[in-house]
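Chains as they are written, first to last, in our numbering: chain A, 1 to 556; chain B, 1001 to 1285. For reference, the structure discussed in these notes is given below.
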Ligand code: HEM
Ligand SMILES: [Cu+2]
């Protein structure tokens, strides 16, 4: 073992240093993982505001039956761009970005294994985002074929405008960046850990980033090649996905969901990681069943690769196929359920401190369980046939993605903001943000379960004045406005805290993982000294030498 | 023939199977002093499953009527039986056996993860080439060779993950990678078979109805050739992968259950020295 060849080449020339007086250039040219992480977060925030605005426009159009606020064409562009933005330019890069910032700190390393590749990933993401949004400026407007771009609708004969081409090109660019960050994470986590940080002592957030990174490496290429084929179809007259010329439209769906289902786990696993860091710290207890939380992540990652067909139950692949995939999809509930039990058990009997991060983490558990339960329900074929392509599905994945991933992201921002900036966020504004979000979110999406069951289809720009539909949709729109206010509170909180926030010090939450062992914000070289790692909670062991987590652990 | 008669009359008690199973159990009993342990249970279960897979109506169905039945038998013989047999081997006996010169080095070669993986996944792919599969159904010797190769190759495939001798096993995270990539291999093949459209294996399109149950299969159970082939492909794809998944969960559970001896950590120890000059030393206490 000891004679293994290092996978990571040594840096022969010193990495570019940032100097105070270089201003913006020190950011643009940076290869420092912390600066890149911060840039990810800022860009995600901008995209979040844009995507949120698009959502608001969609909801206003739906506030009344037969409303004429948006034209059908613009409506289609709005929901396409909203979905694409939220998934590819908000949640995914945010989680990658926090990962880039925190992983080296949490494992006691100086930087990522490949700092330049890290910068490349980030700039490809920015470039892809700009490319997609540039399509608004073209004559024919933004893509309008949905975030799934089903063929043949997205093919040339049906979409003559340039939108889908920009869409595929932009996502192709970000996709390459995502694979690169997946590789970067894997190599960093496997080779750069400080002595004593064994794989079994990895902070759970790092563990989840590791599994997510493997998913990135395996599944992004599926969609990247599908984008390439779609571009060939659109630009060079190939016919991969046009049935009229011998291609297959179903093939696109297989490619898309073969990527798309694992993708939702790419969006949720790091969120699980954030929750698994926040809950123990604010319950003042070590996580209950570390082994289960970590092991079940691997199970989720592997299972997620093989259940995409549940997005295609209505396609007509045959009863047997549907049955097998229905069964396999329901299996995911087991490892996921294990995790939820672990979080609850960690809180059980703990001295819970409901600071804002903990509030969001607690709400996460509740909202995510709702999203998970509706998920198991629609994994059953007959139920899916009834509600597919209805607002029930919209409610389901917003409980998973907003109530899940985004709540975890908020928890993470409040939790690590002191580390990122050296200042605390305002608790008062945080509580306002939290309650407005919870109320707005449930007001918007809970009622959509019922709208869906009453038959309201998704992805249509308006609806007839059926009994109750108008008022139920109005409630949903009011919820969206509350959410918009909550986002403004959040932004205000960030801006205020940056200027006037209380000074944080190295470890304001009394947490236990290595990122809290350094100054806030950390110096360029991250650590002056990395504390010895003899257990899963190095800072606990350091503070309580008389009762370490692993009393028998050898000093490394 | 009605289905009950079919299920009772198509057991083919091939002597060579029974004798092999008997010898296996006797040798094992003698070696372990006829004490009944968890390992004995695993080995007995493996042997029993092997016999059932080969002599029961499943075999008859798979050879004459249904691709899906063939696939279930295939999964049993390639993935489940050898796994149980391997887990049933006592460590001390295996150690002694491996100390014997040629055997130890042969297993050293075959148990190499790359070779074992290629054999395991390769046997899925090769035996399912339509022309070869048709040949197997027509030729008795080839058929027997296939069945035997399943069990042996299965054992080789599982070796890097569950070798009875611990030091020949892969580290748990590596074996997860080993199994996940094998699952990918089966998935691709499963996808091909599932979505290929009926008639990939011509023999199952219009079987000679030697037992008179074809109307029952086709009309009562609705097992048309298309559905049959889909079930076959899906069986390789979904339950097949679930077996790999369960196995990797077991290795991870064992890993967490054992003392922390490092696993993959030598890399971490190394990074410390690589990073020297960047202030990355453990603090003194
Ligand atoms: C217990 C686990 C889950 C199960 C069994 C499940 C099941 C499903 C099913 C069957 C559909 C397809 C419905 C249809 O279109 O007819 C679906 C849609 C969706 N799910 Fe989930 N889901 C689960 C968790 C998640 C998670 C964790 C996320 C995201 C973080 C998520 C995000 C989505 C999205 C975005 C869609 C909509 C895709 C579209 O545009 O059609 N799901 N889910
Ligand atoms: Cu899915």
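Positions of the beta carbon are idealized from the N, C-alpha and C atoms, including for glycine.
Cβ-heavy atom distance, residue i to ligand 2, below 8 Å
{"i": "residue 381 of chain A", "result": "no"}
{"i": "residue 146 of chain A", "result": "no"}
{"i": "residue 307 of chain A", "result": "yes"}
{"i": "residue 1240 of chain B", "result": "no"}
{"i": "residue 257 of chain A", "result": "yes"}
{"i": "residue 1133 of chain B", "result": "no"}
{"i": "residue 329 of chain A", "result": "yes"}
{"i": "residue 264 of chain A", "result": "yes"}
{"i": "residue 301 of chain A", "result": "no"}
{"i": "residue 372 of chain A", "result": "no"}
{"i": "residue 260 of chain A", "result": "yes"}
{"i": "residue 245 of chain A", "result": "no"}
{"i": "residue 310 of chain A", "result": "yes"}
Reduced DSSP secondary structure (H/G/I, E/B, other) of residue i
{"i": "residue 523 of chain A", "result": "strand"}
{"i": "residue 1096 of chain B", "result": "helix"}
{"i": "residue 135 of chain A", "result": "helix"}
{"i": "residue 530 of chain A", "result": "strand"}
{"i": "residue 551 of chain A", "result": "coil"}
{"i": "residue 1239 of chain B", "result": "helix"}
{"i": "residue 1225 of chain B", "result": "helix"}
{"i": "residue 1166 of chain B", "result": "helix"}
{"i": "residue 1218 of chain B", "result": "helix"}
{"i": "residue 423 of chain A", "result": "strand"}
{"i": "residue 339 of chain A", "result": "helix"}
{"i": "residue 503 of chain A", "result": "strand"}
{"i": "residue 457 of chain A", "result": "strand"}
{"i": "residue 1263 of chain B", "result": "Only weak support is given to the placement of residue 1263 of chain B: the predicted model assigns it a pLDDT of 42, under 50, and the question is left unresolved by the model."}
{"i": "residue 390 of chain A", "result": "strand"}
{"i": "residue 510 of chain A", "result": "coil"}
{"i": "residue 59 of chain A", "result": "helix"}
Residue i burial status per 10 Å Cβ neighbour count (16 or more: buried)
{"i": "residue 467 of chain A", "result": "exposed"}
{"i": "residue 537 of chain A", "result": "buried"}
{"i": "residue 493 of chain A", "result": "buried"}
{"i": "residue 1109 of chain B", "result": "exposed"}
{"i": "residue 24 of chain A", "result": "exposed"}
{"i": "residue 195 of chain A", "result": "buried"}
{"i": "residue 477 of chain A", "result": "buried"}
{"i": "residue 46 of chain A", "result": "exposed"}
{"i": "residue 76 of chain A", "result": "buried"}
{"i": "residue 500 of chain A", "result": "exposed"}
{"i": "residue 224 of chain A", "result": "buried"}
{"i": "residue 167 of chain A", "result": "buried"}
{"i": "residue 1241 of chain B", "result": "buried"}
Requested in this report: May I ask you to list, following chain order, the residues of the region 304–318 of chain A that have a beta carbon less than 7 Å from some beta carbon of chain B?
Outcome: Per Cβ criterion, the list reads 306, 318.
Query - Three CB pairs or more closer than 8 Å across the region 76–93 of chain A and the region 129–148 of chain A - result: The answer is yes - the region 129–148 of chain A touches the region 76–93 of chain A, with three or more Cβ pairs under 8 Å.
Report task. Examine the Cβ distances between the region 426–441 of chain A and the region 372–391 of chain A and report whether three or more of them are shorter than 8 Å. Result -> Touching, no.
Query raised in the report: Is there contact between the region 174–189 of chain A and the region 239–256 of chain A, where contact requires at least three CB pairs shorter than 8 Å?
Result: No, they do not touch.
Query raised in the report: Pairing CB atoms from the region 1246–1253 of chain B with CB atoms from the region 1162–1175 of chain B, are three or more of them under 8 Å?
Result: With a cut-off of 8 Å on Cβ pairs, the region 1246–1253 of chain B is in contact with the region 1162–1175 of chain B, counting three or more such pairs.
Query raised in the report: For the region 495–505 of chain A against the region 85–92 of chain A, are there 3 or more C-beta pairs whose distance is under 8 Å?
Result: Verdict: no, contact absent.
Report task. Name, going along the chain, the residues of the region 282–296 of chain A whose beta-carbon falls closer than 7 Å to a beta-carbon of chain B. Result -> Against chain B - using a Cβ distance shorter than 7 Å - the residues of the region 282–296 of chain A are 291, 295.
Requested in this report: Give the residues from the region 1065–1076 of chain B that approach chain A closer than 7 Å (Cβ to any Cβ), ordered along the chain.
Outcome: When CB distances to chain A are screened at a threshold of 7 Å, not a single residue of the region 1065–1076 of chain B falls below it.
Report task. Mind the definition here: the region 229–236 of chain A touches the region 294–308 of chain A only if three or more C-beta pairs lie below 8 Å; say whether that holds. Result -> The region 229–236 of chain A is not in contact with the region 294–308 of chain A.
Requested in this report: Scan the region 190–203 of chain A for residues whose Cβ lies nearer than 9 Å to a Cβ of chain B and list them as they occur along the chain.
Outcome: Within the region 190–203 of chain A, the qualifying residues are 190, 191, 192, 193, 194, 195, 196, 197, 198, 199, 200, 201.
Query raised in the report: Closer than 8 Å, Cβ to any Cβ of chain B: which residues of the region 68–92 of chain A, in chain order?
Result: Answer in chain order: no residues at all.
Report task. Compile a chain-ordered list of the residues in the region 1217–1232 of chain B whose CB is closer than 7 Å to at least one CB of chain A. Result -> Contacts with chain A (Cβ-Cβ distance below 7 Å) from the region 1217–1232 of chain B involve 1227, 1230, 1231, listed in chain order.
Query raised in the report: Hey, is the region 505–523 of chain A in contact with the region 445–452 of chain A, meaning 3+ C-beta pairs nearer than 8 Å?
Result: Three or more beta-carbon pairs separated by less than 8 Å are not found between the region 505–523 of chain A and the region 445–452 of chain A, which leaves the two stretches without contact.
Query raised in the report: Taking three-plus beta-carbon pairs below 8 Å as touching, is the region 157–169 of chain A in contact with the region 119–139 of chain A?
Result: Yes, they touch.
Query raised in the report: Between the region 307–317 of chain A and the region 403–422 of chain A, are three or more C-beta pairs nearer than 8 Å?
Result: No, because fewer than three Cβ pairs between the region 307–317 of chain A and the region 403–422 of chain A fall closer than 8 Å, the two stretches do not touch.
Query raised in the report: Per the contact definition of three or more C-beta pairs closer than 8 Å, is the region 107–120 of chain A in contact with the region 56–64 of chain A?
Result: The region 56–64 of chain A is not in contact with the region 107–120 of chain A.
Query raised in the report: Taking a cut of 8 Å between CB atoms, which residues from the region 320–337 of chain A lie near chain B?
Result: The residues in question are 320, 321, 324, 325, 327, 328, 331.
Report task. Could you run through the region 1134–1166 of chain B and flag, in chain order, every residue whose CB is less than 7 Å away from some CB of chain A? Result -> The region 1134–1166 of chain B vs chain A, Cβ under 7 Å: nothing.
Query raised in the report: Should the region 1058–1069 of chain B be regarded as contacting the region 1018–1035 of chain B, the criterion being three or more beta carbon pairs within less than 8 Å?
Result: Contact between the region 1058–1069 of chain B and the region 1018–1035 of chain B is not established, with fewer than three Cβ pairs separated by less than 8 Å.
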